[in-house]
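Chemist: Take the position in the sequence shown, starting the count at 1, then add 729; the result is the number in the working numbering. One structure, pasted below without further comment.
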Amino acid sequence: MKSISVFAPATVANVACGFDIFGFAVANPGDQITLTTSDAPGVRITDIIGDEGRLPRETERNTAGIAIQTYLKHIGRTDVGVDVVLRKQMPLGSGLGSSAASAVAGVFAINELLDRPLPTLKLLPFAMEGERIACGSAHADNVAPSLLGGFVVVRSYQPLDVIRIETPASLYCTIVHPDIEVNTKDARFILKNEVSLKNTITQMGNVAGLIAGLMTPDYDLISRSLVDVIIEPVRAILIPEFNEVKQAALDNGALGCSISGSGPSMFALSRDVETAEHVGAAMQQAFLSVGITSEAYVSEINREGPKVLGH
């Protein structure tokens, strides 16, 4: 029998102005998966640790399971048997790409276990199938950065076209996850189907500005561009004290602050680690002022993506 353990990172999707097209990976938290080959063909979820029994153990309903299964079918290796142990190391429904990290860890691990028949980029569609199971939409703004590392732009879905861009080495992210839950499907349901021309133009300017600011790098331009006039005003109502927490981040030196994915986690970007830590403490205090406890994570942009922990 062969075995492999892989870590895949959490992600911040949307990144304010880039709904469904921007995402970046962070150093922590993340998910860990262990695959062990078996003589019996098929993919089996043998254990899930850290989910409080909430995630499905059936392969076809589990994000990691379906990603691995779809991959094996694609490469014509349905003869392979594999037992899966998933360790959830981040909150469910957190807006940190929990389902994406599991799917990425699974498909990356099985590809490594089989001596990499496919290049990493080609694994993306299988990880996206995990997202389809999780929230009904095979979007790539979480799975792409988790798989590829760094800051990723999803330029197109038909055909799938993702671009990884460079970011400043000293750029730090603060994530604060309040101890509440927002369902991804609910967060998508409340969005409007139509957007005004005025807001579209503003958002397009911010999208272009953020990319230019990251690549230049120009921190002032990054700060001016981390503005969402379309999604954030609608979803902010799902997060108690959203405006107060965001203002606390800005008052303590953050370049910008918005919702991570569909929430309830909020993220902020800063010029250095010291500022990022102060920002995190201020955001947590703002939540605590109304009795909401939270977890805070501070890290650089994770340029590595998934990593093998051991064989």
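Quick reminder that beta carbons are idealized off the backbone N, C-alpha and C, glycines included.
Is it buried or exposed for Val964, if we count other Cβ within 10 angstroms and need 16 for buried?
Modeler: It should be noted that the sequence gives Arg, not Val, for residue 964. With 16 or more Cβ atoms within 10 Å of its Cβ, Arg964 is classed as buried.
Chemist: Applying the 10 Å Cβ sphere with the 16-neighbour rule, what's the burial state of Asp760?
Modeler: buried
Chemist: Quick check: Thr849 and Gly1009, are their CB atoms within less than 7 Å of each other?
Modeler: no
Chemist: What residue range is occupied by the uninterrupted beta strand (DSSP E) comprising Thr740?
Modeler: Ser732 to Ala742
Chemist: Would Asp780 and Val814 be called neighbours here (beta carbons separated by less than 7 Å)?
Modeler: no
Chemist: In chain order, what are the residue ranges of uninterrupted beta strand (DSSP E) at least 3 long that sit wholly in the stretch 908 to 945?
Modeler: none
Chemist: To which residues does DSSP link Arg790 through a beta bridge?
Modeler: Arg790 is not bridged to any residue.
Chemist: Whose C-alpha, out of Ala873, Arg861, Lys731 and Gln798, is nearest the C-alpha of Glu1033?
Modeler: Ala873
Chemist: Could you check the C-alpha separation between Gln1013 and Gly810 for me, to the nearest Å?
Modeler: In this structure, the CA atom of Gln1013 is about 45 Å from the CA atom of Gly810.
Chemist: In terms of residues, what are the limits of the beta strand (DSSP E) holding Ile951?
Modeler: Per DSSP, Ile951 belongs to no beta strand (DSSP E); it is in the alpha helix (DSSP H), Tyr948 to Ser954.
Chemist: Determine whether the beta carbon atoms of Glu1006 and His906 lie at a separation below 7 Å.
Modeler: no
Chemist: In three-state DSSP terms, what is Cys902?
Modeler: Here Cys902 carries a strand assignment [DSSP, helix/strand/coil].
Chemist: Going along the chain, which residues of its own chain have a beta-carbon closer than 7 Å to the beta-carbon of Glu895, five neighbours each way excluded?
Modeler: Residues Met944 of the same chain have their beta carbon placed closer than 7 Å to that of Glu895, with the five preceding and five following residues left out of the count.
Chemist: Ala796 and Glu858 - do their beta-carbons sit closer together than 7 Å?
Modeler: yes
Chemist: With DSSP run on the structure shown, which of helix, strand or coil describes Glu1006?
Modeler: helix
Chemist: At the level of alpha carbons, what is the spacing between Asp908 and Ile966?
Modeler: Asp908 and Ile966 have their C-alpha atoms some 16 Å from each other.
Chemist: Give me the Cα-Cα distance between Ser734 and Arg845, rounded to the nearest whole angstrom.
Modeler: 15 Å
Chemist: Over the uninterrupted beta strand (DSSP E) stretch that includes Gln887, give me the two end residues.
Modeler: Note, Gln887: premise wrong, no beta strand (DSSP E); not H, not E.
Chemist: Going by DSSP, name the residue or residues bridged to Thr763.
Modeler: Ser734 and Val814
Chemist: Counting C-beta neighbours from all protein chains within 10 Å, is the total for Leu853 16 or more, i.e. buried, or is it exposed?
Modeler: With 16 or more other Cβ atoms within 10 Å, it is buried.
Chemist: Checking the sheet assignment: what are the DSSP bridge partners for Asp780?
Modeler: Asp780 is not bridged to any residue.
Chemist: Using 8 Å as the cut-off, can you tell me whether the stretch 989 to 997 makes contact with the stretch 813 to 831, which would need three or more C-beta pairs spanning the two stretches below that distance?
Modeler: yes
Chemist: Give the straight-line distance between the Cα atoms of Ala832 and Phe918, rounded to the nearest whole angstrom.
Modeler: 23 Å
Chemist: Could you check what DSSP says for Met995 in three-state terms: helix, strand or coil?
Modeler: strand
Chemist: In terms of DSSP beta bridges, what is Ile988 paired with?
Modeler: Met995
Chemist: Using a 10 Å radius around the Cβ and a threshold of 16 neighbouring Cβ atoms, would you call Ala856 buried or exposed?
Modeler: By the C-beta density criterion, Ala856 is buried, having at least 16 other C-beta atoms within 10 angstroms.
Chemist: Excluding the 5 residues preceding and the 5 following Phe753 in the sequence, name in chain order all residues of the same chain whose CB lies nearer than 6 Å to its CB.
Modeler: Val741, Pro874, Phe880 and Ile1030
Chemist: Apart from the five residues just before and just after Thr1022, which ones in its own chain have a Cβ nearer than 6 Å to its Cβ?
Modeler: Closer than 6 Å at Cβ, skipping near neighbours: Asp908.
Chemist: Is the beta carbon of Pro1035 sitting closer than 7 Å to the one on Phe837?
Modeler: yes
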